[in-house]
Amino acid sequence: MQRVFLLFVLITSLSFSARAQDELFGTTKPPAKKGFVLGVNGNVDLPAADMAKRFGTSYRLGPSVMYKTKSNWMFGVKGDFILGTKIKEDSFLVNILDDQGYTLNQDGQSESIRAYQRGYMIGLQAGKIINISKKNPDNGILLMTTAGFMQYRINLYNKDNDIPQLRGNYEKGYDRLTNGIFLEQFVGYNFFGMDGLINFHIGLDIAAGFTQGRRDWLFDVMRPDAGHRLDILFGIRGGWYIPIFKRKSEDIYFQ
Numbered sequence: 009m010q011r012v013f014l015l016f017v018l019i020t021s022l023s024f025s026a027r028a029q030d031e032l033f034g035t036t037k038p039p040a041k042k043g044f045v046l047g048v049n050g051n052v053d054l055p056a057a058d059m060a061k062r063f064g065t066s067y068r069l070g071p072s073v074m075y076k077t078k079s080n081w082m083f084g085v086k087g088d089f090i091l092g093t094k095i096k097e098d099s100f101l102v103n104i105l106d107d108q109g110y111t112l113n114q115d116g117q118s119e120s121i122r123a124y125q126r127g128y129m130i131g132l133q134a135g136k137i138i139n140i141s142k143k144n145p146d147n148g149i150l151l152m153t154t155a156g157f158m159q160y161r162i163n164l165y166n167k168d169n170d171i172p173q174l175r176g177n178y179e180k181g182y183d184r185l186t187n188g189i190f191l192e193q194f195v196g197y198n199f200f201g202m203d204g205l206i207n208f209h210i211g212l213d214i215a216a217g218f219t220q221g222r223r224d225w226l227f228d229v230m231r232p233d234a235g236h237r238l239d240i241l242f243g244i245r246g247g248w249y250i251p252i253f254k255r256k257s258e259d260i261y262f263q
């Protein structure tokens, strides 16, 4: 019994000694940080379902504000501007364009019309960092879910505003305004630098919009646009962080 007790004392002493060395020389992993995280995000998106019938590849850019807990949960809000130049539904101007794709302005001169995809997405997001780093508890696989509101339309660019068919409310008969709720899932790698200078995330996401056309009348097809749509975006997303973490003066770790 005395030998067992001595063995227990020896193991306990060695354990405390190893822990003291880790704390002295900085070999223990520091605790995860908490605080606000400001971000700028960018996407390259490929459309699917109903979105693919109307648009091609698009891009998203926007800010985010999140709060990170010590247990690596993240909560916040984000917004994205939707930008695109590929319009597949090119027949929506068929009743005002000639065979060469031009229309007449108020002076009777031929003029082209440029069309772009424009929109935005804004939502609440929540997720968690699954730590896989041995040195930094803030780094790892990021799983994030976002839910919110999305809206987009075809933006018709008439530089001199000299095409009567597109002035004022007439443009609404062609722009295919659509909006509704969306859900987005993201999985990727999240990195916070120990020095706070290099902080980013990169990964894949999929956004599904449950939307509906909002125009009372479409001039080209002579009917209301009230159909329900499933708009899907498959994206590659990356972002840069500015963390505002709470730190204690005694929290000094050696690499």
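Position one of the sequence shown corresponds to residue 9 (this note's numbering), numbered consecutively onward.
Where a beta carbon is used, it is the ideal one built from N, C-alpha and C, also for glycine.
Worksheet item: CA-CA distance, G127 and F157?
Response: When only Cα atoms are considered, G127 and F157 end up about 11 Å apart.
Worksheet item: Of the residues N147, I171, G204, which one's Cα is nearest the Cα of S79?
Response: Of the candidates N147, I171, G204, N147 places its Cα closest to the Cα of S79.
Worksheet item: Does DSSP put Q220 in a helix, a strand or coil?
Response: If DSSP states are grouped into helix, strand and coil, Q220 belongs with the strands.
Worksheet entry | Cβ shell of A215 (< 6 Å), same chain only, five flanking positions each side left out | Same-chain partners within the cutoff: F190, E192, L241.
Practice prompt. Measuring alpha carbon to alpha carbon, tell me which of M129, D239, D213 ends up nearest Y197.
Written response: Among M129, D239, D213, the Cα nearest to that of Y197 belongs to D213.
Worksheet item: Taking the alpha carbon of L132 as the point to measure from, which residue in P71, I244, D98 has its own alpha carbon closest?
Response: For L132, the nearest C-alpha among the options comes from P71.
Worksheet item: Given a threshold of 16 other Cβ atoms within 10 Å of its Cβ, counted over all protein chains shown, does F200 qualify as buried or as exposed?
Response: That one is buried.
Fill in: Reference A134; option with closest CA among I162, I171, F83
Between A134 and the set I162, I171, F83, the nearest pair of CA atoms involves F83.
Worksheet item: Would F89 be called buried (16 or more neighbouring beta carbons within 10 Å of its own) or exposed?
Response: Looking at its Cβ environment, which holds fewer than 16 other Cβ atoms inside 10 Å, F89 is exposed.
Worksheet item: Within the chosen definition, does the region 224 to 238 reach the region 177 to 186 through at least 3 CB pairs nearer than 8 Å?
Response: Touching, yes.
Worksheet item: For V73, which of G188, V45, Q114, I171 has the nearest alpha-carbon?
Response: Closest option to V73, Cα to Cα, is V45.
Practice prompt. Measure the beta-carbon distance from F253 to G43 and round it to whole angstroms, keeping in mind my assumption that it falls under 8 Å.
Written response: That pair is a contact at about 4 Å.
Worksheet item: Under 8 Å between the Cβ atoms of I95 and A57?
Response: Against a cut-off of 8 Å, the Cβ pair of A57 and I95 comes out as no contact.
Discussion item. Let's see if you can read the secondary structure: which residues bound the alpha helix (DSSP H) around D107?
Written reply: Looking at the DSSP string, D107 is not in any alpha helix (DSSP H), and its letter there is neither H nor E.
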